[in-house]
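Only one structure is covered here, and it is reproduced in the block below.
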Amino acid sequence: MASCTCGIPANISTAVVLTCEHIVCPSCHINWCSGGSCEQCLSTGIQESLDGNKDRQVSRLEHADLSPYCSRLFGQRPGLEVAEPVDKKRKADDVDEGNRADTLEGEKSPDQSRKRPRAQDYTEPESVHGKRKEEKILLSRIRQLKTELDEVRSKAEYKENAYKDRLVTLKQYVEAKKPSCFLVNRLLHVRQLFDVAKKAKDSNVEAMRRIKKQEDVIKAQGYDHEQMKAKLRTAENVVDLLRLEVQRKVQAVRNAEQKGAEFEDWGRETKAHYRELVRQMESDLRSPTKPAASNLPTLQRAVPGMDSIYSDIVATPKKKSRASLPAPRTPLHLLLQNRSNFVPGSFIKGSNVFELASLIITFAHTSTSMSSEVLPVPVDAAKLLAKLAQDLAVPDEINALQSSCHFEGDMPILPIPHKSQAISAALLGLLGIASARLIQQRNGSATAPRTSINTNQATILFYSIALGKLGDSSFGTPKFVEHLPSTNEEHPSFMRNVATNVFKCKDGRYFHMHGSLRPSVALKALDLDPDLPVNSEEEAQDVVAAACARYTAEELRQIYESSGLVGDIVLEADEYDASEQGKIINSLPLARFVSMGDSIPAAIGLAPLKAHDSKPLEGVRVLEFSRVIAGPVAGRLLAELGATVVKVIDKNLPDIGLLQVDYNLDKRTVFIDARSPDGKAQLEHLLETADVFLQGYRPGAMEHLDLSHERLASIGARRGKPFVIIDESCYGGRIENAPSSMRPGYQQIADSTTGIAWQTGRACGKDSPIVPPLPISDYCTGLLCATMAVLGLVRRQTHTDTVFAPVALAAVDLWIRKQEQYPAEWVLKTYQAGPQFDYTWGFLKMLNAILHDQQTNHPEYFQPSFFAKTPSKFVDPGATAEQEGPIYTHLAPLVKIDGVASGFKLTVPLGHFRPGWDEADADLLENRLKTA
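Okay, so the sequence shown: first residue is 130 according to my numbering, each after it adds one.
Have a look at this one:
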């Protein structure tokens, strides 16, 4: 082993021995022997090396004392007097140790007989000692300054080191997993972020310098803090006054809009009856003096509101001056006052008759063609109810009840072009009048009860899940989730959370992938690891976006379709309409009944209701096979109207656990394995007495369980009671026979393929699609399913065959798209005033953002009267099923029918009850299975 002539071993870990005078420190690059001033070597490396060197050949010295001995004595000043050894325990054989240090390894000393003095025998002179003491003080100060410098450097370079660590982690992951090339791109991306962070750090330093300079200038100019606070208070007072003025103006605008709505209603009725009015006036013209008083009731019935005009025009022979005309009571008053050649109160002449008729026609026309105006939601809801009834070809006796449906509410608030708020209210209105007709049929009444819908409450139906509370725990909070039993969902991760979103493809088009209930499978189809270690959803979204950017939109569609996964291209409206799928769906009605042929000898209607306030579906039994949103919403609405709903699910199937609290209101939830012998027997028992079969699984799933439409029809014929089958799907199902009919899908996919997303994006000022921020088509489809079920029950009162109604998310979206839309200027203004979401936002992020915005700015949509409280069985972990859970706060019943009770009794987890229509029926079924 080579060693220095001073006796220091050459195996010191922090030094490299070149020659005796050139032992270089690898940290500070200072010659150790000759320099003797390396703080790091003196403070750490040498002392540690000496402590670890059990075979050392020199005495154990303090590290601060080692440098002078080495550099000054043996490196520069050999021959000085040597004192007695410091280490008293050393023996006489220390001389041999000195002899061994006389030469370098592999090299003989010129004078081998000459012995060098040893370091431990040297006594330091007083002058040297003083100099060394001063040197120690300086070294101590250097250490202190270095520590402070390290602190400053660590703070300044914290972000830089974090990105370095991230680079190392990703590099290790690349080496371990050998992933696809997108991870290499990810590494480069992280490196770019690292560079950006460095630039940002430099910019922040510069910005802080400028701010400090500005502060110095302000202080030099004599900044008066109290004076500035006074100015601020004055400005705030001015702002408050302006805010009050704005509120008054907004209220004035709302009042004007409400008056406009009244004008619109009156104009619509006027247009429908103007012919009768003109005929009556022409008859009056033939009278020698004035119209007969007996004709007044006819006019009053012909056009509501015309009685006051009639009295002004013909009932008073004395002429009135324009100044004495009473305040306008109807829109027609305003029109008449603005006509210079018409004097109210005068006898009607021929020219006046035809002029009046012309005015009525003109007003009615202008009132009903305001497609570019934003009207109150109730006005649009009444229009859309009529359109909906026409497109669904509802019976005349239900059509006649439209006038008994009352809508109330405010102006629209959702930043989207489609009149979704009015459409949901119209669907609820049709559900209400169909239920009223069923009450009339069951009770044999001459008239049906009136129905009322609050359009504000119908709007927050879209948010209803997020508004629920279990006790004091809000939706989605950890305490809320604690009460929910497992529903076999995959554990969440950043990667799984972004598996449902819109991504841009290599060809510039957009593709909506959907993780469904198994997001891991959707990610693996793109060669992505669901457990990839990422730090945020934004980072995960970048990873998935990079993967999608490797494919064209058509390539992704083929990958997902061939794998049976959910996902499709985001199409423009005209693209969808020109496609084979679009042509077929466009050629079909929104929904319809298809007869299965098997019939019974005579119609068997529902039994009369037991009480005057009984719900319309009391005694109706609904068997529900559905998951996620649309199907369960339909079942919840039918339960709201009084039906006994048994929700069947296999306990091994996944579902979204957060949804079960709201969607299981008043349902009897049971676990049944439909493939097992016992499960088949349980289903057969339930089918024997069911009235409605509601299913929302992917097309073909029910056939695999031997629950096809044909088999249900045969069961209905055998038992003497037909079924009403509601078949909910995304693309249309088997009956539509379209290219994508049998594919699985969800609301976002329907929004993407039918053109809804592109229309929303463009109306919001974007050159990219935006899926609507709320599950609008999901809830509208659920409403339509429930409506078709009630219409089917009304039909079954007089028909003898089993029918099924195919209801598709895509068809609902198409119908929404075809209705009048809001002006683009209004949509853009509303969008810019709220959270400006885009296609990169996930569903939950958009939902939470827009909900917070609407609760803040539109409290009229979240009135306490819109909510109700219901007991639950969502007990704390470890509690028994018999215990009561926290009270569930939820959206109150939406359809209000005069004289009919409303409300829910209980909400329970999935599989809470035994199979059966009630507990007595469950006992009967269990006994049958035991004896079978």
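Where is the CB? At the ideal position from N, CA and C, for every residue including glycine.
Contacts around residue i, its chain only, beta-carbon distance under 7 Å, and the 5 residues preceding and following it disregarded
i	result
E989	D539, N585
A515	Q531
D807	L1058
L322	Y292
M917	A720, I855, A934, V936
R295	V319
P455	At P455 the pLDDT is 38, less than 50, meaning the model places this residue with poor confidence; the figure from the coordinates comes in the next sentence. There are no such residues.
K327	E289
S843	D727
Neighbourhood of residue i by C-beta distance below 6 Å, restricted to the same chain and skipping five residues each side
i	result
S581	H535, K1025
I758	P904, D907
F1062	Not covered by the structure: residue 1062. The range shown for the chain is 130 to 1061.
V506	G538, P541, Q550, A551, T584
D1050	none
L685	F640
I594	D791
G734	Q926
F609	L599, S602
Cβ-Cβ separation, residue j to residue i (assumed contact under 8 Å), whole Å
i	j	result
F1003	A1021	The pair is not a contact, with the Cβ atoms about 19 Å apart (cut-off 8 Å).
Q670	V627	5 Å
V941	C893	Wrong, their Cβ atoms sit about 21 Å apart, outside the cutoff.
S728	A819	Not really, about 18 Å apart at Cβ, beyond 8 Å.
S649	P662	Actually they are not in contact, since the Cβ atoms of S649 and P662 sit about 15 Å apart, beyond 8 Å.
Local Cβ density within 10 Å of residue i, reported as buried at 16 or more and exposed below that
i	result
G829	exposed
A522	exposed
Y287	exposed
S665	exposed
H981	exposed
G862	buried
P873	buried
H838	buried
G764	buried
R114	Nothing can be reported for residue 114: it is not among the residues displayed for the chain, which extend from 130 to 1061.
H620	exposed
R756	buried
Residue range of the unbroken alpha helix (DSSP H) whose run includes residue i
i	result
H535	From DSSP, H535 is part of no alpha helix (DSSP H) but of the beta strand (DSSP E) over 534-537.
E747	Per DSSP, E747 belongs to no alpha helix (DSSP H) and is neither H nor E.
Y705	702-707
D942	938-947
V762	759-769
Q1052	It is worth fixing the name first, because residue 1052 is Asp in this sequence and not Gln. Where D1052 is concerned, the enclosing alpha helix (DSSP H) stretches over 1048-1060.
D791	789-792
R840	838-848
F91	As displayed, the chain neither begins before 130 nor continues past 1061, which places residue 91 out of reach and without an answer.
T910	905-925
H814	806-816
A892	885-892
T584	584-589
7 Å Cβ cutoff met for residue i and residue j
i	j	result
P761	Y792	yes
A886	I714	no
R797	V775	yes
S640	A682	Sequence inspection shows Phe at residue 640; the Ser mentioned does not correspond to that position. Yes, the Cβ-Cβ distance between F640 and A682 is below 7 Å.
D742	A1030	yes
P851	R925	yes
G1014	S994	no
T1036	L794	yes
L517	A563	no
V956	P546	yes
Same chain, Cβ closer than 8 Å to residue i, five either side skipped, listed in chain order
i	result
S440	The predicted position of S440 is uncertain, since its pLDDT is 44 and thus under 50; no value can be drawn from it.
W1046	R750, T773, V775, R797, L815, T818
Opening and closing residue of the beta strand (DSSP E) in which residue i lies
i	result
D697	695-698
H1019	1017-1020
I552	Where I552 is concerned, there is no enclosing beta strand (DSSP E), although the alpha helix (DSSP H) it sits in stretches over 549-572.
Y639	639-643
Short CB-CB distance (under 7 Å) between residue i and chain C
i	result
P745	Checking the listed chains, one finds no chain C in this structure; it contains a single protein chain.
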